[in-house]
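Enquirer: Can you read through this structure? Questions will come right after.
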Amino acid sequence: MKILKKMRRYPTAVFGIAVVLFFLIMAILGPWIAPYGYAAQNIPERLQPPSGEHIFGTDQFGRDIFSRIIVGSRDVYISAGSATAFAVFFGLSLGLFSGYKGGVLDDIVMRIMDIVMSIPTLLLAMVVLFSLGSSRLNLILVVGFLYIPIVSRVVRSVVLDVKTRQFVEAAKLRGEKSSYILFREILPNVLPHLAVEASMRFCYAIFTVASLGFLGLGVQPPAPDWGLMVSDARTWFELAPWILVAPAGAIALLVVGVGFMSDGLSKLLLPGGVSNV
9 MKILKKMRRY
19 PTAVFGIAVV
29 LFFLIMAILG
39 PWIAPYGYAA
49 QNIPERLQPP
59 SGEHIFGTDQ
69 FGRDIFSRII
79 VGSRDVYISA
89 GSATAFAVFF
99 GLSLGLFSGY
109 KGGVLDDIVM
119 RIMDIVMSIP
129 TLLLAMVVLF
139 SLGSSRLNLI
149 LVVGFLYIPI
159 VSRVVRSVVL
169 DVKTRQFVEA
179 AKLRGEKSSY
189 ILFREILPNV
199 LPHLAVEASM
209 RFCYAIFTVA
219 SLGFLGLGVQ
229 PPAPDWGLMV
239 SDARTWFELA
249 PWILVAPAGA
259 IALLVVGVGF
269 MSDGLSKLLL
279 PGGVSNV
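So the sequence shown is numbered by our numbering: it starts at 9 and just counts up by one.
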């Protein structure tokens with residue numbers, strides 16, 4: 009209840025959470041609530057403008073764009089969400105152990121992370137996907153790998169601060185094992201920062217997945233990937249602009265929603281409301 013009361017002070021955060029939940033519901037229920045099949049072609053009705061029958065119009069194959077946007081939200085959540093979870097799990101593990109152990113291990117791990125972070129994100133993703141081939145699994149692994157260094161550095165910075173505090177020193181004096189100190193004393197203090205960082209990575213993952221889909225390196229046709237829809241719509245923009253506006257608008261709305269949600273989480277969970285990103 010206290011969190012709900014605090015949320016009222018941040019209307020943009022409430023808006024962001026509402027957007028994220030809306031698209032999440034669409035992702036879960038999409039195939040059952042979409043008025044048409046996302047791959048169902050109807051050539052006689054191709055390039056129809058928005059109307060009561062087709063809310064967002066139809067594309068060059070007569071497919072209902074509104075249905076494709078709804079069903080496509082599942083691909084966004086699966087791809088970007090799984091990539092974020094992958095990055096958070098391994099980034100947390102590396103940052104937690106590296107920051108706590110320190111010394112040579114910390115130096116080696118952080119230098120490796122610096123090397124990965126020095127390579128442009130989209131460029132590295134393109135090179136890897138060109139080599140491995142385009143598939144949802146490869147997309148998730150590549151995007152997740154790209155964000156591991158960022159998550160690990162945020163977690164490490166928190167661990168370096170927390171491990172010097174009195175309650176951690178007291179646990180060491182009691183003779184507690186390192187595993188107890190890591191998971192019972194340090195980890196709970198890392199989780200608020202990790203929640204904010206995870207929401208930020210999810211925001212960037214959505215944009216990265218859409219960008220790779222636009223370049224043809226994401227999920228392949230006829231999947232209703234929003235980035236791929238934007239790419240396909242470029243040729244028809246002057247004749248039927250709604251083909252491009254609808255998926256581009258969905259990407260922008262979800263990214264903005266996640267960004268507002270992340271900003272709200274930073275204000276609620278972090279001291280002073282300042283994020284580590």
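Ideal Cβ positions, reconstructed from N, Cα and C, are used throughout, including at glycine.
1) Helix, strand or coil, according to DSSP, for Asp67 in the structure here?
2) Residues in its own chain within less than 7 Å of Gln174 by CB, not counting five upstream and five downstream?
3) Could you spell out the range, first to last residue, of the alpha helix (DSSP H) harbouring Ser270?
4) Residues in the same chain with beta-carbon distance under 6 Å from Ile78, minus the five sequence neighbours each way, listed in chain order, please.
5) Please state the DSSP three-state secondary structure of Asp233.
6) Need the endpoints of the alpha helix (DSSP H) that Glu205 sits in, please.
7) Drop a sphere of 10 angstroms on the beta-carbon of Trp40, count the other beta-carbons inside from all chains shown, and report buried for 16 or more, exposed for fewer.
8) Would you kindly work out how many angstroms separate the C-alpha atoms of Pro230 and Gly45, rounded to a whole number?
9) Leaving out five residues on either side along the sequence, give the residues of the same chain with a beta carbon under 6 Å from the beta carbon of Ser160.
10) Report the option in Gly183, Ile63 and Tyr85 whose CA atom is closest to the CA atom of Arg209.
11) What span of residues does the alpha helix (DSSP H) with Leu55 cover, start to end?
12) Compare the C-alpha of Met118 against each of Phe105, Thr129 and Pro128 and name the closest.
13) Please state whether DSSP places Asn284 in a helix, a strand or coil.
14) Taking the alpha carbon of Val162 as the point to measure from, which residue in Phe31, Val96 and Leu113 has its own alpha carbon closest?
15) Using the Cα positions of Ala258 and Leu130, report the straight-line distance between them to the nearest angstrom.
16) Anyone know if the C-beta pair for Ala256 and Val227 falls short of 7 Å?
17) Distance, Cα to Cα, Leu132 vs Leu276?
18) Is the beta carbon of Ile107 sitting closer than 7 Å to the one on Leu190?
19) Under 7 Å, do Gly65 and Trp244 count as touching if we go by C-beta distance?
20) Quick one: which unbroken alpha helix (DSSP H) runs of 4-plus residues sit fully inside the region 63-122? Chain order, please.
21) Determine the extent of the alpha helix (DSSP H) in which Gly152 is found, giving its start and end residues.
22) Rounded C-beta distance between Cys211 and Ser270? I'm assuming under 8 Å.
Expert: Taking the coordinates as given:
1) Indexing the sequence shown from 1 puts residue 67 at position 59. Residue state, collapsed to three classes: coil.
2) As a working mapping, residue 174 is identified with position 166 in the sequence shown. Cβ within range, chain order: n/a, list empty.
3) Along the sequence shown, read from residue 1 onward, the residue named residue 270 stands at position 262. Taken as a continuous stretch (DSSP letters only), the alpha helix (DSSP H) holding Ser270 covers Trp250 to Leu277.
4) Counting from 1 along the sequence shown, the entry for residue 78 is found at position 70. Cβ within range, chain order: Met34, Gly38 and Ala42.
5) The count along the sequence shown starts at 1 and reaches residue 233 at position 225. Note: Asp233 maps to coil in three-state DSSP.
6) As a first step, residue 205 is located in the sequence shown; it is residue number 197 there, counting from the start. Residues Leu195 to Phe222.
7) Here residue 40 refers to the residue found at position 32 when the sequence shown is read from its first residue. Under this definition Trp40 is an exposed residue.
8) Here residue 230 corresponds to residue number 222 of the sequence shown, with the count starting at 1. Here residue 45 corresponds to residue number 37 of the sequence shown, with the count starting at 1. Cα-Cα distance, rounded: 11 Å.
9) Counting from 1 along the sequence shown, the entry for residue 160 is found at position 152. Cβ contact annotation for Ser160 (same chain, cutoff 6 Å, sequence separation greater than five): Gly99, Leu102, Gly103 and Met121, in chain order.
10) By 1-based counting over the sequence shown, the position of residue 209 is 201. The residue with the shortest Cα to Cα distance from Arg209 is Tyr85.
11) Your numbering for residue 55 matches position 47 in the sequence shown. Where Leu55 is concerned, there is no enclosing alpha helix (DSSP H), given that its DSSP letter is neither H nor E.
12) Your numbering for residue 118 matches position 110 in the sequence shown. For Met118, the nearest C-alpha among the options comes from Phe105.
13) As a first step, residue 284 is located in the sequence shown; it is residue number 276 there, counting from the start. Per-residue confidence for Asn284 stands at a pLDDT of 44, beneath the threshold of 50, marking its modelled position as unreliable; no derived number is given.
14) Along the sequence shown, read from residue 1 onward, the residue named residue 162 stands at position 154. Nearest of Phe31, Val96 and Leu113 to Val162, Cα basis: Val96.
15) Translated into positions along the sequence shown, residue 258 becomes position 250. Translated into positions along the sequence shown, residue 130 becomes position 122. Looking at the two C-alpha atoms, the distance is approximately 21 Å.
16) Taking the first residue of the sequence shown as position 1, residue 256 is located at position 248. Taking the first residue of the sequence shown as position 1, residue 227 is located at position 219. Going by C-beta atoms, Ala256 is not nearer than 7 Å to Val227.
17) Translated into the one-based positions of the sequence shown, residue 132 becomes position 124. Translated into the one-based positions of the sequence shown, residue 276 becomes position 268. Approximately 34 Å, taken between the alpha carbons.
18) Along the sequence shown, read from residue 1 onward, the residue named residue 107 stands at position 99. Along the sequence shown, read from residue 1 onward, the residue named residue 190 stands at position 182. Contrary to the premise, residue 107 reads as Gly rather than Ile in this sequence. For the pair Gly107 and Leu190, the CB atoms are not nearer than the 7 Å cut-off.
19) Translated into positions along the sequence shown, residue 65 becomes position 57. Translated into positions along the sequence shown, residue 244 becomes position 236. The answer is no: Cβ separation not under 7 Å.
20) 73-109
21) Taking the sequence shown and counting its residues from 1, one reaches residue 152 at position 144. Here the alpha helix (DSSP H) through Gly152 covers Arg144 to Val170.
22) Residue 211 sits at position 203 when you count from the first residue of the sequence shown. Residue 270 sits at position 262 when you count from the first residue of the sequence shown. Contact flag correct, Cβ pair sits at about 6 Å.
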